[in-house]
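Each residue of the sequence shown is one higher than the one before, counting from -9 in our numbering. Built from N, CA and C at the ideal position, the CB exists for glycine as well. Everything numeric in this text was worked out from a predicted model, so none of it was measured. First up is the structure itself, then whatever we jot down about it.
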Amino acid sequence: MSFPARPGWPRGAALAAGVFLLAAVVATWPQAAHLRDGLTDVWDAKFTGWVMHWDFAQTFRDPLRLFHANIFHPAPYALAFSENLYGAAVFGFPLYAAGVSTLAAYNVLFLLGMALSGVGAWALARALTGDGAAAFLAGLVFAFNPWQLAQIPH
């Protein structure tokens, strides 16, 4: 099944990405103002940040021992005791390589995750309906519904 190209698709996608990023900043305010020193949650956010930084560091240090995390000593394969978050961590690799702190990288990825959820729903709805307004509403509902917002601390 293929969809015909729609005029203005790249421009619409860029606009949607900008709008959903702005919506993520507004929905989580003042998180965006504290990228380097703020957390959405004391426990889960710290652990998630540590896991993603471990993934980055170990990928380039000793990738065959990725799951031998420096936690729960002396247990082997400690990273397997929880989510390894490697799929999300890969998006943070350029930030870590540029010297961005673990906390700032976590917060940037957190905001981008919300925004890109909206963009994904927008793209699907736009492809299925061809209606930009319906697609925008679908993106807002998907990315910023009450259940999603209640999950921010987790």
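DSSP three-state call for residue i: helix, strand or coil?
{"i": "Y67", "result": "coil"}
{"i": "L5", "result": "helix"}
{"i": "D34", "result": "helix"}
{"i": "T92", "result": "helix"}
{"i": "Q138", "result": "helix"}
{"i": "N60", "result": "coil"}
{"i": "R26", "result": "coil"}
{"i": "D52", "result": "coil"}
{"i": "S72", "result": "coil"}
{"i": "T119", "result": "helix"}
Which stretch, first to last residue, makes up the alpha helix (DSSP H) that contains residue i?
{"i": "V80", "result": "Y76 to A87"}
{"i": "F132", "result": "G122 to F134"}
I'd like to check one pair, residue j with residue i: are the Cβ atoms closer than 7 Å?
{"i": "V15", "j": "A22", "result": "yes"}
{"i": "W112", "j": "A6", "result": "yes"}
{"i": "T30", "j": "P136", "result": "no"}
{"i": "A133", "j": "S107", "result": "yes"}
{"i": "L99", "j": "F71", "result": "no"}
{"i": "A128", "j": "A115", "result": "yes"}
{"i": "F10", "j": "V109", "result": "yes"}
{"i": "L85", "j": "A95", "result": "yes"}
Keeping to the same chain, check which residues put their C-beta closer than 8 Å to that of residue i; ignore five residues upstream and five downstream.
{"i": "N74", "result": "V41, D45, L56 and F57"}
If I measure Cβ to Cβ from residue i and keep anything under 6 Å in the same chain, skipping five residues before and after, which residues do I get?
{"i": "L69", "result": "F57 and A59"}
Leaving aside the five residues before and after residue i along the sequence, list all residues of the same chain whose C-beta is less than 7 Å from its C-beta, in chain order.
{"i": "L25", "result": "A94, N97 and V98"}
For residue i and chain D, any beta-carbon pair shorter than 7 Å?
{"i": "Y67", "result": "In the structure shown, chain D does not exist; there is a single protein chain."}
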